[in-house]
Amino acid sequence: AGPATVIIHGEHGGRSVFEYSTAREVVKDFAGPAGWLVTLPCCGRSFPKKAQSARPGGDAVERAAADGSWIEVQTTLAAFPPGAGVAQWWGRDGPAHGGVVPYASAEGVPGVPGEVRLRARADGARFPPKVLFV
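Position in the sequence shown (from 1) plus 1092 gives the number in the numbering used here.
Written out as structure tokens, the structure reads:
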């Protein structure tokens, strides 16, 4: 899977948000325990050496309407309950600097497996122009 984000919890309680390029499940063997192997894009940041834990951070936004009325997210419908809901979003500065947008519906993107379109409510709710993850 990927790209998406992962939140890494550091040695002294700090946390950092990283965008990763791929993730795959691994089985226990002579090299280490079972878990997930997460890789970062080439030549950028690296994970902290004394990371304590990691958890999923969010799904990447692939496309957005210029007026903010909808976004298309790389995920599955299982990630969003049917009908209306609230999507937490963020940009480059991470989840602490994002917000929420109420959406009216979540639906699969026709002809694009693995993507979901979230439509903002008609009451003026809009996704911001620089949203990267939900």
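Glycine included, C-beta positions come from ideal geometry on N, C-alpha and C. Since this is a predicted model, take the numbers as computed values, not measurements.
- In this structure, the beta-carbon distance from G1150 to A1096 falls below 9 Å.
- Here G1190 has W1181, W1182 as same chain residues with Cβ atoms under 6 Å from its own Cβ, once five neighbours each way along the sequence are excluded.
- A straight line joining the alpha-carbon of Y1195 with that of F1110 spans about 26 Å.
- R1209 places its beta carbon less than 9 Å from that of E1199.
- The C-alpha of V1223 is placed about 20 Å away from the C-alpha of P1133.
- Pairing H1104 with T1131, the inter-Cα distance amounts to about 23 Å.
- For S1161, same chain residues with a beta-carbon under 6 Å away, outside a window of 5 residues either side, are A1212 in chain order.
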